[in-house]
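A.B. asks: Got a structure here, written out as structure tokens. Questions coming.
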Amino acid sequence: MENAITLMELTPKTLGGQPMRKKRRPALACQECRRRKIRCDRRTPCGQCSKANVSSCSYVCDNRTTPNTAPFEAHDTHFSVLQQGTGFEVNNDLPVGSLGLGTAPRTPSIPSVPSPDAGSGHQSTSWSGDAPPSLQSDFLGWNESAHVGTPDLNIGLAFNQGLNLERPSTSPLRAVNKPPVQGMFFKSRFLGQSHWKNFAQPSSAVQSILNMPGIGGRQDNSALSKCKTAARKIKIQRCAFLPVMGSNRELLPERSIADRLVQAYLRTIQSVLGIVSVPSFYRRYVALFNSASPFDKDFEVLLLLVLAIGWVVCSQEQAVPRSTVLQWIDAAKTWLNSPGYKKRLVLDGVRIHCLFILACQLLSISDDQSWLETGSLIRTAMHMGLHIDPTRCAFEERFTRLEIQSRRRLWATVLELELQTCMDRGLLPGIDVDDYDTEPPLNVDDATLESTSPGNINGGTSEILGQDMSQLTSCSLQILLVKALPVRLRIARFLNSFQPAKQTFEKALGLSADLCSILKLASDRIEAYRMSCSPPPTSFQTQFFDQLVQRTILALHHPFAVRALKDQSLYYSRKMCFEATLSLLSRSVFPGDVDFYQLRVVSGGLFQTTYTQCALFLCAELVDQSDIGVPSPANPRTGYVRREMQAAVQRFLDLVLRRIRTGTETNVQLYATIHGLLAHAEAIEAGLSEPRTELRIQEAINKNLETVLSILSRQCDQNTHPVDLQTSWMNIPDVLAVEQEPTNPIPRYESNISFSWEGMDFSRRG
Numbered sequence: 001m002e003n004a005i006t007l008m009e010l011t012p013k014t015l016g017g018q019p020m021r022k023k024r025r026p027a028l029a030c031q032e033c034r035r036r037k038i039r040c041d042r043r044t045p046c047g048q049c050s051k052a053n054v055s056s057c058s059y060v061c062d063n064r065t066t067p068n069t070a071p072f073e074a075h076d077t078h079f080s081v082l083q084q085g086t087g088f089e090v091n092n093d094l095p096v097g098s099l100g101l102g103t104a105p106r107t108p109s110i111p112s113v114p115s116p117d118a119g120s121g122h123q124s125t126s127w128s129g130d131a132p133p134s135l136q137s138d139f140l141g142w143n144e145s146a147h148v149g150t151p152d153l154n155i156g157l158a159f160n161q162g163l164n165l166e167r168p169s170t171s172p173l174r175a176v177n178k179p180p181v182q183g184m185f186f187k188s189r190f191l192g193q194s195h196w197k198n199f200a201q202p203s204s205a206v207q208s209i210l211n212m213p214g215i216g217g218r219q220d221n222s223a224l225s226k227c228k229t230a231a232r233k234i235k236i237q238r239c240a241f242l243p244v245m246g247s248n249r250e251l252l253p254e255r256s257i258a259d260r261l262v263q264a265y266l267r268t269i270q271s272v273l274g275i276v277s278v279p280s281f282y283r284r285y286v287a288l289f290n291s292a293s294p295f296d297k298d299f300e301v302l303l304l305l306v307l308a309i310g311w312v313v314c315s316q317e318q319a320v321p322r323s324t325v326l327q328w329i330d331a332a333k334t335w336l337n338s339p340g341y342k343k344r345l346v347l348d349g350v351r352i353h354c355l356f357i358l359a360c361q362l363l364s365i366s367d368d369q370s371w372l373e374t375g376s377l378i379r380t381a382m383h384m385g386l387h388i389d390p391t392r393c394a395f396e397e398r399f400t401r402l403e404i405q406s407r408r409r410l411w412a413t414v415l416e417l418e419l420q421t422c423m424d425r426g427l428l429p430g431i432d433v434d435d436y437d438t439e440p441p442l443n444v445d446d447a448t449l450e451s452t453s454p455g456n457i458n459g460g461t462s463e464i465l466g467q468d469m470s471q472l473t474s475c476s477l478q479i480l481l482v483k484a485l486p487v488r489l490r491i492a493r494f495l496n497s498f499q500p501a502k503q504t505f506e507k508a509l510g511l512s513a514d515l516c517s518i519l520k521l522a523s524d525r526i527e528a529y530r531m532s533c534s535p536p537p538t539s540f541q542t543q544f545f546d547q548l549v550q551r552t553i554l555a556l557h558h559p560f561a562v563r564a565l566k567d568q569s570l571y572y573s574r575k576m577c578f579e580a581t582l583s584l585l586s587r588s589v590f591p592g593d594v595d596f597y598q599l600r601v602v603s604g605g606l607f608q609t610t611y612t613q614c615a616l617f618l619c620a621e622l623v624d625q626s627d628i629g630v631p632s633p634a635n636p637r638t639g640y641v642r643r644e645m646q647a648a649v650q651r652f653l654d655l656v657l658r659r660i661r662t663g664t665e666t667n668v669q670l671y672a673t674i675h676g677l678l679a680h681a682e683a684i685e686a687g688l689s690e691p692r693t694e695l696r697i698q699e700a701i702n703k704n705l706e707t708v709l710s711i712l713s714r715q716c717d718q719n720t721h722p723v724d725l726q727t728s729w730m731n732i733p734d735v736l737a738v739e740q741e742p743t744n745p746i747p748r749y750e751s752n753i754s755f756s757w758e759g760m761d762f763s764r765r766g
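Residues 1 to 766 in the UniProt record's numbering are what the sequence shown lists, from first letter to last.
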């Protein structure tokens, strides 16, 4: 082109005859390197600043007009734009991919987040240092969730009145235009909607309690702070493992104590989850104690875990302190983490892993890591092919009938543990219903399988087909759980997805209908067992089964139930949550319920989170109903149901206080909050003014915090752990005192199967 001019031809009279200073190249070095006049490698932070220990390495964005083509590549320069004092503008026509994420440290100054402007074309949105609180929180939420610092900018564009950037459609900053994440971020963790903390977040009543002085505020001299300090000391004592001295064989208690602990395990956890094969376990158990020679190391570890779970259940056992039980757990942990991974790829290895996860949950050891442990467990099980039914052609010639049954029962246990830890932690399951085809176990006792001739399931003349489901066996309850597993896995995935578009009320109703239809059949079957079978299902079996499935219904409907007072179309979810919470918290304690109540007192995991969710929902219901005068859905005519709700919450508080006394519960803030919510509802119902209502809430909180502080202080003064059996569980009536005081001594619990430890008689009682 004839009229084109080059850079060399520019003079001070060019461009309309106006004087123009000589053009300089844009500064690419950081401010510190420019000041020191040294070479900068254009990183963030640059190498020179890193060597000189310069705390701030920043780049200045030039306001001069520059060519549209950047004189350097985008990845060569990182700008800490959030550290600039002047605002900059983001152009909405930036090509995709020109805005990246860097690793520069975050600064306290967070700019406002631009909102989308449809059809704005080349219009730009101003970024300033002042942003609405909601947008600031959204931005902070994105910043924490992505674990990134300040964004890195591609400056291959024009600088004009600040930095103009076209906005990419795939930029992380686009996240602020999407619907909010379903769930919450707590410290460094994401918690889905099945986590108990999400039951407190939507309630304005709970938030008002948490914002009260001495509860949510930081006061070093408050009773809550003193309780937290004491609770931390107790938690350290509880989780402190003593070094394992000697071999696993030397850790075993004497035979009489071991017999009681094993029986406690077999009549409780084994009767529902079926981890071990009882006849095989018994033979190895007897051989271990009758032989002085070295025994199977794997079985020694398995037995230690069985004893640990039995110790939790066996409330009358006073000969074993908690410190010894922690050594049993530590020995199993050492075995799981030892070299030789291939040696653990056997059924006993999966059994040990299952028992280890259960023991840690029941003893409230590292509850936050349970989801990680079950993830490792389910991958180990899939590595061994447990997710493929053993009757497939590739396997049918390899396994005996007992091995086929054991693989099916173990896979069902693995899935159940995975599901329950996902519900506890509010995280997605690591497996979907399409990832396995293992059939439910046969409805047959293990003793019946072992009494037949060996061989594969298709060979021989003594083929075992399993009994009809009308007959109660040691596998019946587990089969009922397995049949409800697919829909419960879908519910866990539905709940803990962070994408709100996938969580519609219509889909929740469909999942609820599927689950309720399965549970209706299971409930009818259990009732038939109770009426026609001898012996009937134990109280522990029915209550444990009910808790595993009722918690799923509660978690599924809760996100919609909290909005039901404003949206009447969600009334069904409110009703379902209401019925589930009353069912779980309104259980009476009878002599046959000692084992289950013992787990409620001393265990973590689902025995801790489920009741917390129930109490938070009922408290929010009590406050909301008192505030707006809406009757409860179950009984709108009288206050009977309201009194039942208050009684259920009070039973929960009594249970938490018992857990605090035994050293199991350390969340004193939750205990104080529930007391405050209960006092809040009572004050509104009594028609008190707002100042008097706040005063009553504060008095209720302070009174109960003083009680807890005295308990925790006594425990801290003791050098031994507060939940040692010798000091806490001297008698069963004291354990049951919070709900009802039995008039007669509680009889020893009897199992469905009578275990003769001398004659090895596995016949069912007639």
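Every residue, glycine too, gets a C-beta built ideally from N, C-alpha and C.
Just so it is clear, the structure is predicted and the values come from calculations on it, not from any experiment.
So, at 8 Å on beta carbons, what are the nonlocal neighbours of Arg232 in its own chain, with the 5 sequence-adjacent residues on each side left out?
C.D. replies: Thr666
A.B. asks: Mind checking Gln327: buried by the 16 CB within 10 Å criterion, or exposed?
C.D. replies: buried
A.B. asks: Less than 8 Å between the C-beta atoms of Val301 and Ile365, yes or no?
C.D. replies: In this structure, Ile365 does not lie closer than 8 Å to Val301 by Cβ.
A.B. asks: Where does Phe498 sit, in a helix, a strand or coil, going by DSSP?
C.D. replies: coil
A.B. asks: Please name the residue, chosen from Leu442, Gln499, Thr662, Gln503, that lies closest to Gln478 on a Cα-to-Cα basis.
C.D. replies: Leu442
A.B. asks: Skipping 5 residues on each side, what residues in its chain have a beta carbon closer than 8 Å to that of residue 828?
C.D. replies: Outside the modelled stretch of the chain, which goes from 1 to 766, sits residue 828, for which no answer is possible.
A.B. asks: If you follow the beta strand (DSSP E) that Leu191 is part of, which residue opens it and which one closes it?
C.D. replies: 189 to 191
A.B. asks: Considering only their Cβ atoms, is the gap separating Gly426 from Ser194 smaller than 8 Å?
C.D. replies: Cβ distance < 8 Å, so Ser194 and Gly426 count as in contact.
A.B. asks: Between which residues of its own chain and Gly217 is the CB-CB distance below 7 Å, once the five residues before and five after are set aside?
C.D. replies: In this predicted model, Gly217 has a pLDDT of only 49, less than 50, meaning its place in the structure is not dependable; the value taken from the coordinates is given anyway. Counting only Cβ-Cβ distances below 7 Å, and skipping sequence neighbours, we find nothing.
A.B. asks: Assign Tyr640 to buried or exposed, taking buried as 16 or more other Cβ atoms, counted over all protein chains shown, within 10 Å of its Cβ.
C.D. replies: exposed
A.B. asks: Can you say whether residue 842 is buried or exposed, counting buried as having 16 or more other CB atoms within 10 angstroms of its CB?
C.D. replies: Past the boundaries of the shown model lies residue 842; the chain is included only from 1 to 766, so the question cannot be answered.
A.B. asks: List, from N- to C-terminal side, the alpha helix (DSSP H) runs of 4 residues or more that fit wholly inside the stretch 352 to 432.
C.D. replies: Unbroken alpha helix (DSSP H) runs of no fewer than 4 residues, entirely contained in the stretch 352 to 432, are found at 370 to 383, 401 to 425, following chain order.
A.B. asks: Could you tell me whether the Cβ atoms of Leu402 and Glu439 are closer together than 8 Å?
C.D. replies: 8 Å or more divides the Cβ of Leu402 from the Cβ of Glu439.
A.B. asks: Relative to the alpha-carbon of Asp259, which residue among Ser271, Thr268, Tyr285, Ile269 has its alpha-carbon at the smallest distance?
C.D. replies: Tyr285
A.B. asks: Please report the distance separating the alpha-carbon of Lys226 from that of Ser689.
C.D. replies: 31 Å
A.B. asks: Consult DSSP for Phe617 and reduce its assignment to one of helix, strand or coil.
C.D. replies: helix
A.B. asks: Just the C-alpha distance for Arg392 and Ser256, rounded to the nearest angstrom, thanks.
C.D. replies: 44 Å
A.B. asks: With Lys575 as the anchor, note down where its alpha helix (DSSP H) starts and where it stops.
C.D. replies: 571 to 585
A.B. asks: Assign Ala620 to buried or exposed, taking buried as 16 or more other Cβ atoms, counted over all protein chains shown, within 10 Å of its Cβ.
C.D. replies: buried
A.B. asks: Using the C-alpha atoms, what's the distance from Asp654 back to Lys703?
C.D. replies: Per the coordinates, the alpha-carbon of Lys703 lies some 15 Å from the alpha-carbon of Asp654.
A.B. asks: Who does Phe186 pair with in a DSSP beta bridge?
C.D. replies: Arg189
A.B. asks: My guess is that Arg407 and Pro390 are in contact by the Cβ rule of under 8 Å, so how many angstroms apart are they, rounded?
C.D. replies: 5 Å
A.B. asks: Distance check for Arg661 and Lys228, CA to CA, integer angstroms please.
C.D. replies: 15 Å
A.B. asks: Does the ligand ADP have a heavy atom nearer than 7 Å to the CB of Leu363?
C.D. replies: With respect to the ligand ADP, the structure offers nothing, as it holds no ligand at all.
A.B. asks: Among Cys360, Leu347, Gly687, which one has its Cα closest to the Cα of Gly385?
C.D. replies: For the options Cys360, Leu347, Gly687, the alpha carbon positioned closest to that of Gly385 is the one of Leu347.
A.B. asks: Compare the C-alpha of Cys314 against each of Leu521, Gln625, Phe596 and name the closest.
C.D. replies: Per the C-alpha coordinates, the member of Leu521, Gln625, Phe596 positioned closest to Cys314 is Phe596.
A.B. asks: I want to know whether the stretch 270 to 282 touches the stretch 558 to 567 - three or more CB-CB distances under 8 Å.
C.D. replies: no
A.B. asks: Output the distance between the C-alpha atoms of Arg490 and Pro26, rounded to the nearest integer angstrom.
C.D. replies: 56 Å
A.B. asks: Find out if the Cβ-Cβ distance for the pair Tyr529, Leu481 is shorter than 8 Å.
C.D. replies: no
A.B. asks: Taking the CB atoms as reference points, tell me whether Ala672 and Leu705 lie closer together than 8 Å.
C.D. replies: yes
A.B. asks: Rounded to whole angstroms, what is the Cα-Cα separation between Asp344 and Ala331?
C.D. replies: The residue asked about is misnamed: residue 344 is Arg in this sequence, not Asp. For Arg344 and Ala331, the gap between their C-alpha atoms comes out near 15 Å.
A.B. asks: How about Ala508 and His558: are their beta carbons less than 8 Å apart?
C.D. replies: For the pair Ala508 and His558, the CB atoms are not nearer than the 8 Å cut-off.
A.B. asks: Alpha carbon to alpha carbon, how far is Glu682 from Ala230?
C.D. replies: 30 Å
A.B. asks: Check for me: the alpha helix (DSSP H) holding Glu706 runs from which residue to which?
C.D. replies: For Glu706, the enclosing alpha helix (DSSP H) covers residues 690 to 717.
A.B. asks: Verify whether the separation of the beta carbon atoms of Leu616 and Gln646 is less than 8 Å.
C.D. replies: no
A.B. asks: For Cys33, collect the residues of the same chain with a Cβ closer than 8 Å to its Cβ; drop the 5 residues on either side in sequence, then sort them by chain order.
C.D. replies: In the same chain as Cys33, and ignoring 5 residues on each side of it, the C-beta atoms closer than 8 Å to its own belong to Arg39, Cys40, Cys46, Gln48, Cys49, in chain order.
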